[in-house]
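Note that the numbering used here has the sequence shown beginning at 14, numbered continuously upward. The C-beta atom is built at its ideal place from N, Cα and C for all residues, glycine as well.
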Amino acid sequence: MPTYGRKDVVFERGEGNYLYATDGRRYVDFTSGIAVNALGHCHPYLVKALTEQGQKLWHTSNLFRIGNGEKLAKRLVENSFADTMFFCNSGAEAIEGGIKLIRKYQFMNGQPKRYKLICFQAAFHGRLLNALSATGNEKYLEGFGPPAPGYLHAPLNNTNVVRDMVDDETAGILVEPIQGEGGIRATTTQFLKDLRAICDEFGLLLFYDEIHTGFGRTGKMWGYDWSGVKPDVAAIAKGMGGGFPIGAFMATEKAAVGMVPGTHGSTYGGNPLATGVANAVLDVLLAPGFIEGVRERGEYLKGQLEGLCKKHPKVFVEQRGTGFLQGIRCVPPAGEMVDKLQSLGMLVPPAGENVVRIFPALIADKAILDEGVAILEKAALSFEAASK
């Protein structure tokens, strides 16, 4: 089905931060599979983990214990706010599961009519119907009937509007610490503190969409680590498998009180192959100094992008984001910038508010960052020349 407007390029090989097309051309890949390939393409350690597990066991179903999954859950609990989790296959599934958990929590606490979620304008939570309704983007909803009921949308970083939306049917608040598709729009620390206070005051659950921001991409393990404001529930995916499909929703024991046998399921979720690879990703991410290195090099990248904005203000307006979850707002249409960069040998995805996203793999060193910034500058010079 033609549901994507795919670029006319076919890749046959990837290595680190580079992709190689069938015509022999090499590209700097700052798309990273849309922030999925946390450790770049074909990281040797992940290839080894995938190959070894693939020779032993792929799938058994969740009717039986899964050793790799139990190990992964234990490690994630040790390195997050959560006490428990459910493995699935994608971010959208993780969002759907988290929504179910929140509604079941309210039911178990004698509040069955509490089902609504307060969400935020310009968010993106996935393409399944509830996730899409939580996203609220009319462009994505058009033609699919009315959105699922129970999703309200407030302006980001506006506490007063959120507070005014709370009523006796509100179950929780769903927010991305940094909006990815919305244009690399960050929440403020004070706003997250306010959301936590509102949830505590009214008996709501705070639900973070950490699909983009988790697993070291911002320069800390989780996006919420920057604020120190812990959620009750979180959805995770993307970098979790380093390119292999896996996701999860995780929660405190209190929040997950209603998730008992029979309340949720997944045929493929948490299979030995996926959780084996995800454990290998964690091995690398949790190695001493790794995430700190992402943070340090992210600051370097931020400075380089800010420099481009100062040097080429008629092309680049504003740097956004942190770590390797960054973006740059453009004067030319973002789609044109994406095409220009591709023609110059660099791959980036567009986002809202005329932003192009800059998503290097977390293994990117300063040399590859400099190479990418140099291509961005070539693009700026090209747009400047065309406008004369």
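Residue i, enclosing beta strand (DSSP E) - first and last residue
{"i": "Thr35", "result": "Counting along the chain, Thr35 falls outside any beta strand (DSSP E), and DSSP gives it neither H nor E."}
{"i": "Glu25", "result": "24 to 28"}
{"i": "Ile259", "result": "It is not in any beta strand (DSSP E) - Ile259 carries neither H nor E in the DSSP assignment."}
{"i": "Ile131", "result": "129 to 133"}
{"i": "Arg342", "result": "338 to 343"}
{"i": "Ala247", "result": "246 to 249"}
Secondary structure of residue i, DSSP reduced to three states
{"i": "Tyr221", "result": "strand"}
{"i": "Leu375", "result": "coil"}
{"i": "Leu52", "result": "coil"}
{"i": "Ala167", "result": "strand"}
{"i": "Arg310", "result": "helix"}
{"i": "Thr97", "result": "strand"}
{"i": "Val294", "result": "helix"}
{"i": "Ile115", "result": "helix"}
{"i": "Leu70", "result": "coil"}
{"i": "Ala107", "result": "helix"}
{"i": "Leu360", "result": "strand"}
{"i": "Asp42", "result": "strand"}
{"i": "Ala404", "result": "This structure cannot settle anything about residue 404, because the visible part of the chain is limited to 14 through 401."}
{"i": "Gln2", "result": "What is shown of the chain runs 14 to 401, which leaves residue 2 out entirely."}
{"i": "Tyr237", "result": "helix"}
{"i": "Gln124", "result": "coil"}
Cβ-Cβ distance between residue i and residue j below 9 Å
{"i": "Ala268", "j": "Tyr118", "result": "yes"}
{"i": "Leu338", "j": "Thr226", "result": "yes"}
{"i": "Gly255", "j": "Val49", "result": "yes"}
{"i": "Pro285", "j": "Gln68", "result": "no"}
{"i": "Phe215", "j": "Val188", "result": "no"}
{"i": "Leu85", "j": "Phe99", "result": "no"}
{"i": "Leu165", "j": "Ile131", "result": "yes"}
{"i": "His54", "j": "Leu70", "result": "no"}
{"i": "His325", "j": "Ala374", "result": "no"}
{"i": "Ile304", "j": "Lys233", "result": "yes"}
{"i": "Phe257", "j": "Leu63", "result": "yes"}
{"i": "Thr200", "j": "Gly311", "result": "no"}
{"i": "Arg140", "j": "Leu295", "result": "no"}
{"i": "Thr97", "j": "Thr265", "result": "yes"}
{"i": "His138", "j": "Ala105", "result": "yes"}
{"i": "Asn143", "j": "Ala161", "result": "yes"}
{"i": "Ala107", "j": "Ala261", "result": "yes"}
Residue span of the alpha helix (DSSP H) that contains residue i, given as start and end
{"i": "Arg88", "result": "80 to 91"}
{"i": "Ala269", "result": "No alpha helix (DSSP H) holds Ala269; DSSP gives it neither H nor E."}
{"i": "Ala62", "result": "57 to 67"}
{"i": "Val174", "result": "172 to 178"}
{"i": "Ile404", "result": "Lying before the first or after the last residue shown, residue 404 is absent from the chain, which here runs from 14 to 401."}
{"i": "Gln332", "result": "Run containing Gln332: none in the alpha helix (DSSP H); it sits in the beta strand (DSSP E), 329 to 335."}
{"i": "Gly185", "result": "No alpha helix (DSSP H) holds Gly185; the beta strand (DSSP E) holding it covers 183 to 188."}
{"i": "Ser400", "result": "That residue, Ser400, is in no alpha helix (DSSP H); it is neither H nor E in DSSP."}
{"i": "Asn143", "result": "142 to 148"}
{"i": "Glu366", "result": "Counting along the chain, Glu366 falls outside any alpha helix (DSSP H), and DSSP gives it neither H nor E."}
{"i": "Tyr281", "result": "Premise fails: Tyr281 is in no alpha helix (DSSP H) and is neither H nor E."}
{"i": "Leu154", "result": "151 to 154"}
Member of the options whose CA lies at the smallest distance from the CA of residue i
{"i": "Met272", "options": "Asp21, Leu70, Val246", "result": "Val246"}
{"i": "Ser279", "options": "Arg39, Phe77, Gly29, Asp36", "result": "Phe77"}
{"i": "Ala147", "options": "Val22, Arg308, Lys113", "result": "Lys113"}
{"i": "Thr202", "options": "Gly340, Cys212, Val368, Pro190", "result": "Pro190"}
{"i": "Val90", "options": "Ile249, Gly275, Gly336", "result": "Ile249"}
{"i": "Asp181", "options": "Ala291, Gly163, Arg198, Gly196", "result": "Gly163"}
{"i": "Asn170", "options": "Lys152, Arg198, Pro159", "result": "Arg198"}
{"i": "Phe94", "options": "Val361, Gly283, Met263, Pro125", "result": "Met263"}
{"i": "Ala387", "options": "Gly336, Leu318, Arg370", "result": "Leu318"}
{"i": "Tyr281", "options": "Pro301, Pro346, Asn81, Ile259", "result": "Ile259"}
{"i": "Val361", "options": "Ile341, Val179, Val242, Thr231", "result": "Ile341"}
{"i": "Phe372", "options": "Val41, Ala167, Thr276", "result": "Val41"}
{"i": "Thr183", "options": "Lys152, Glu155, Pro125", "result": "Pro125"}
{"i": "Leu52", "options": "Gly29, Asp36, Gly149", "result": "Gly29"}
{"i": "Val368", "options": "Cys322, Lys379, Ser356, Ala377", "result": "Cys322"}
{"i": "His277", "options": "Ala34, Val60, Asn75", "result": "Asn75"}
Buried or exposed by the 16-neighbour rule on C-beta atoms within 10 Å, applied to residue i
{"i": "Leu205", "result": "buried"}
{"i": "Lys251", "result": "buried"}
{"i": "Arg26", "result": "exposed"}
{"i": "Pro274", "result": "exposed"}
{"i": "Lys129", "result": "buried"}
{"i": "Met14", "result": "exposed"}
{"i": "Thr73", "result": "exposed"}
{"i": "Gly193", "result": "buried"}
{"i": "Lys353", "result": "buried"}
{"i": "Arg39", "result": "exposed"}
{"i": "Asn81", "result": "buried"}
{"i": "Val175", "result": "buried"}
{"i": "Gly149", "result": "buried"}
9 Å Cβ cutoff, residue i in contact with chain B
{"i": "Tyr40", "result": "Any reference to chain B falls outside this structure, which holds one protein chain only."}
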